[in-house]
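Working notes, beginning with the structure itself.
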Amino acid sequence: MSDSPVSPASPRSERAVPPSGEPLVVLDGVNKHFGALHVLRDIDLTVARGEVVVVIGPSGSGKSTLCRTINRLETIDSGAISIDGRPLPQEGRELARLRADVGMVFQSFNLFTHKTVLENVTLGQIKVRKSPRETAERTARSLLDRVGVSGQADKYPAQLSGGQQQRVAIARALAMEPKVMLFDEPTSALDPEMINEVLEVMRQLARDGMTMVVVTHEMGFARSAAHRVVFMADGRIVEQAPPDRFFSSPRSERAKDFLSKILHH
Amino acid sequence: MHVLLDNFALFRHGFVGTLLLTSVSAALSLALGVLVAACRVSPVPALRILATVWVTLLRNTPVTLLFLVAVFAAPRILFPGTSHFALAVGALGCYTSAFVGEALRRGVDSVPLGQAEAARSLGMTFPQTLRLVVLPQAGRTALAPIGSLMVALTKNSAIAGSFDVTDLFAEQRRLSATGHDVLEVFVWIALAYLLITFVISELFQLLEHRLAVAR
Ligand SMILES: Nc1ncnc2c1ncn2[C@@H]1O[C@H](COP(=O)(O)OP(=O)(O)OP(=O)(O)O)[C@@H](O)[C@H]1O
Ligand SMILES: [Mg+2]
Numbered sequence: 000m001s002d003s004p005v006s007p008a009s010p011r012s013e014r015a016v017p018p019s020g021e022p023l024v025v026l027d028g029v030n031k032h033f034g035a036l037h038v039l040r041d042i043d044l045t046v047a048r049g050e051v052v053v054v055i056g057p058s059g060s061g062k063s064t065l066c067r068t069i070n071r072l073e074t075i076d077s078g079a080i081s082i083d084g085r086p087l088p089q090e091g092r093e094l095a096r097l098r099a100d101v102g103m104v105f106q107s108f109n110l111f112t113h114k115t116v117l118e119n120v121t122l123g124q125i126k127v128r129k130s131p132r133e134t135a136e137r138t139a140r141s142l143l144d145r146v147g148v149s150g151q152a153d154k155y156p157a158q159l160s161g162g163q164q165q166r167v168a169i170a171r172a173l174a175m176e177p178k179v180m181l182f183d184e185p186t187s188a189l190d191p192e193m194i195n196e197v198l199e200v201m202r203q204l205a206r207d208g209m210t211m212v213v214v215t216h217e218m219g220f221a222r223s224a225a226h227r228v229v230f231m232a233d234g235r236i237v238e239q240a241p242p243d244r245f246f247s248s249p250r251s252e253r254a255k256d257f258l259s260k261i262l263h264h
Numbered sequence: 000m001h002v003l004l005d006n007f008a009l010f011r012h013g014f015v016g017t018l019l020l021t022s023v024s025a026a027l028s029l030a031l032g033v034l035v036a037a038c039r040v041s042p043v044p045a046l047r048i049l050a051t052v053w054v055t056l057l058r059n060t061p062v063t064l065l066f067l068v069a070v071f072a073a074p075r076i077l078f079p080g081t082s083h084f085a086l087a088v089g090a091l092g093c094y095t096s097a098f099v100g101e102a103l104r105r106g107v108d109s110v111p112l113g114q115a116e117a118a119r120s121l122g123m124t125f126p127q128t129l130r131l132v133v134l135p136q137a138g139r140t141a142l143a144p145i146g147s148l149m150v151a152l153t154k155n156s157a158i159a160g161s162f163d164v165t166d167l168f169a170e171q172r173r174l175s176a177t178g179h180d181v182l183e184v185f186v187w188i189a190l191a192y193l194l195i196t197f198v199i200s201e202l203f204q205l206l207e208h209r210l211a212v213a214r
């Protein structure tokens with residue numbers, strides 16, 4: 000039992016209501032254990048089409064795990080997850096197809112080290128979406144342009160700065176034309192001066208109406224780009240609210256405590 | 000010197016035989032090795048077990064014994080009438096595939112997990128992830144060990160010469176038996192093997208260098 004008030008799963012505030020309000024990602028009573036460790040406890044979360052949800056919380060609270068269950072990089076023990084009305088398939092081709100619709104951006108970029116930047120962005124299009132190479136390259140170049148690394152197309156990831164690599168990783172995910180994008184601490188591995196270039200790309204993406212679930216410690220991003228902040232602790236969603244309300248008047252003790260630590264330390 | 004010149008046709012015959020035996024066995028071992036590595040990391044338990052048995056069995060069998068089995072036992076039970084060359088290729092290729100498979104699997108282990116996760120999150124199936132992302136990177140790591148394995152394969156191929164397969168080693172036995180200076184024959188044969196293994200080593204080093212530059 001949690002000692003803190005838990006707000007309803009769906010957003011209800013004025014600003015929290017995203018453009019369509021139609022549910023795109025739905026987690027229903029999700030539980031997950033790592034051995035004896037109960038990392039996700041009865042998670043109910045609905046992300047609407049076009050909504051930007053920022054997930055925050057102390058280390059070890061289950062944010063990454065939550066993010067990774069949405070494209071089944073982690074399996075769940077109980078509950079249900081559906082994307083665009085379809086439940087997550089088990090292993091196999093069906094699951095692969097669904098994953099193609101869910102973009103993921105990792106803390107450590109995970110660009111394919113043996114492929115050039117351009118190849119990183121075309122690979123999924125060609126092999127998964129079966130696009131012709133020329134179409135894929137055209138798409139890739141325009142995406143690389145959009146994230147501001149068009150000059151690096153023929154380099155290998157190791158030749159790029161962290162910020163550039165992460166922007167390429169975003170382009171790689173976007174190339175699949177995903178319905179939703181998941182970001183797991185996309186700026187945590189970056190030098191401070193590179194954080195903003197990545198956040199700016201993400202802000203633009205949010206403005207363009209992309210549905211996003213973002214795990215981050217960047218409170219500035221949460222304030223400016225999120226429709227809703229989800230606060231997790233000990234595997235639970237303890238509180239969720241539009242960012243201005245969450246940051247100005249958090250309700251739960253856990254959230255107050257967390258905010259006091261990160262906002263003025 | 001005149002042993003070489005007088006019997007140049009024989010030497011050449013043996014040299015070509017060894018080259019042929021080595022290259023066909025190498026190709027077989029590489030193809031099987033990739034398959035073995037793929038099975039060892041596969042999500043299908045039966046494939047993993049099969050590959051583990053294959054590796055354990057072959058790695059722990061003396062290669063000479065393997066040749067004996069291939070040349071004397073196998074044709075009786077499985078492949079009657081198969082040429083000794085094909086049987087030797089089979090023995091050598093299968094034997095080396097176990098080591099290649101292991102080298103590749105260690106290569107796979109060295110590829111960061113995030114690479115496969117990124118591939119999967121793009122919607123690649125397991126075989127695609129392996130073929131397009133993991134194995135190419137594993138192969139780079141495994142290149143040097145595989146180079147050594149190919150050198151070892153070349154030397155192991157000499158055993159085939161004892162089983163009626165035309166190669167350098169068989170010619171050495173023939174020449175020695177016909178009263179040539181054994182020492183001199185040995186030197187020429189050894190030099191011939193050295194030439195082949197040297198070329199293989201250089202080839203792999205070149206490959207390694209080129210792939211290192213390309214990232
Ligand atoms: N593969 C795993 N095996 C075992 N335990 C794990 C595994 N992955 C995560 N955990 C544990 O599950 C808990 C939740 O981890 P998770 O990575 O989701 O937290 P997080 O909120 O993302 O933390 P952080 O802010 O440090 O990234 C932690 O206690 C972690 O140690
Ligand atoms: Mg995390």
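Same order as they appear, the protein sequences are chains A and B.
The C-terminal position of the first sequence is numbered 264 in numbering that gives the first Met the number 0, with every residue numbered one higher than the one before it.
The C-terminal position of the second sequence is numbered 214 in numbering that gives the first Met the number 0, with every residue numbered one higher than the one before it.
Every residue gets a Cβ at the ideal spot worked out from N, C-alpha and C, and that includes glycine.
Does residue 132 of chain B have its Cβ less than 8 Å from a Cβ in chain A?
yes
Along the beta strand (DSSP E) that carries residue 173 of chain B, what are the first and last residues, could you check?
Unbroken run through residue 173 of chain B is the alpha helix (DSSP H), 167-176; no beta strand (DSSP E).
Proximity below 8 Å, CB of residue 215 of chain A to CB of residue 196 of chain A
no
Could you confirm whether any beta carbon from chain A is found closer than 8 Å to the beta carbon of residue 30 of chain B?
no
Between residue 145 of chain B and residue 135 of chain B, what straight-line distance do the alpha-carbon atoms span, to the nearest angstrom?
14 Å
Relative to the alpha-carbon of residue 88 of chain B, which residue among B:16, B:108, B:199 has its alpha-carbon at the smallest distance?
B:16
Presumed contact (8 Å Cβ cut-off) between residue 143 of chain A and residue 170 of chain A, rounded CB distance:
5 Å
Cβ of residue 116 of chain B within 7 Å of any heavy atom in ligand 3?
This structure does not include ligand 3; its bound ligands are ligand 1 and ligand 2.
Where does the unbroken beta strand (DSSP E) through residue 33 of chain A begin, and where does it stop?
22-33
In terms of alpha-carbon separation, which member of A:113, A:199, A:122, A:239 lies closest to residue 42 of chain A?
A:239
In three-state DSSP terms, what is residue 71 of chain A?
coil
Reduced DSSP secondary structure (H/G/I, E/B, other) of residue 152 of chain B
helix
Check: residue 214 of chain A C-beta below 7 Å from any heavy atom of ligand 2:
yes
Chain B contact residues for residue 127 of chain A, given Cβ-Cβ distances below 8 Å:
121, 122, 123, 127
Under 8 Å, CB to CB, which of the residues in the region 129-140 of chain A have a partner in chain B?
none
Closer than 7 Å: is that where the CB of residue 184 of chain A sits relative to any heavy atom of ligand 2?
yes
Burial state of residue 77 of chain A, where buried means 16 or more other Cβ atoms lie within 10 Å:
exposed
Inter-stretch contact at 8 Å, needing at least 3 Cβ pairs: the region 226-233 of chain A / the region 51-62 of chain A:
yes
Does the Cβ-Cβ distance between residue 23 of chain A and residue 46 of chain A come in under 8 Å?
yes
Residue interval of the alpha helix (DSSP H) (run including residue 107 of chain B)
83-109
Nearest-angstrom Cβ-Cβ length linking residue 70 of chain B and residue 107 of chain B, presumed shorter than 8 Å:
Wrong, their Cβ atoms sit about 34 Å apart, outside the cutoff.
What does the alpha-carbon distance come out to for the pair residue 117 of chain A and residue 151 of chain B?
39 Å
Unbroken stretches of the alpha helix (DSSP H), 4 residues or longer, contained in the region 189-229 of chain A
191-206, 218-224
At least one CB of chain B closer than 8 Å to the CB of residue 182 of chain A: is that the case?
no
With contact counted as at least three CB pairs below 8 Å, one residue from each stretch, are the region 148-156 of chain A and the region 102-117 of chain A in contact?
yes
For residue 18 of chain B, decide whether its Cβ has a neighbour in chain A, counting only Cβ atoms nearer than 8 Å.
no
How is residue 122 of chain B classed by DSSP in three states: helix, strand or coil?
coil
For residue 44 of chain A, which of helix, strand or coil comes out of DSSP?
strand
What does DSSP give as the partner residue(s) for residue 179 of chain A in the beta ladder?
A:101, A:210
So what does DSSP say about residue 147 of chain A, is it helix, strand or coil?
coil
Which value, in whole angstroms, describes the spacing of the CA atoms of residue 208 of chain B and residue 31 of chain B?
25 Å
Straight-line Cα distance separating residue 191 of chain B from residue 19 of chain B
14 Å
Counting only the same chain and skipping the five closest in sequence on each side, list residues whose C-beta sits under 7 Å from that of residue 149 of chain A.
140, 143
Three-state secondary structure (DSSP) at residue 8 of chain A?
Low confidence applies to residue 8 of chain A: its pLDDT is 38, below 50, so where it sits in the model is not reliable, and the reading given next is rough at best. Here residue 8 of chain A sits in coil by DSSP.
Which one of B:188, B:198, B:199 has the shortest CA to CA distance from residue 9 of chain B?
B:188
The alpha helix (DSSP H) with residue 130 of chain B in it runs from where to where?
First-last for residue 130 of chain B: undefined, no H or E at that position.
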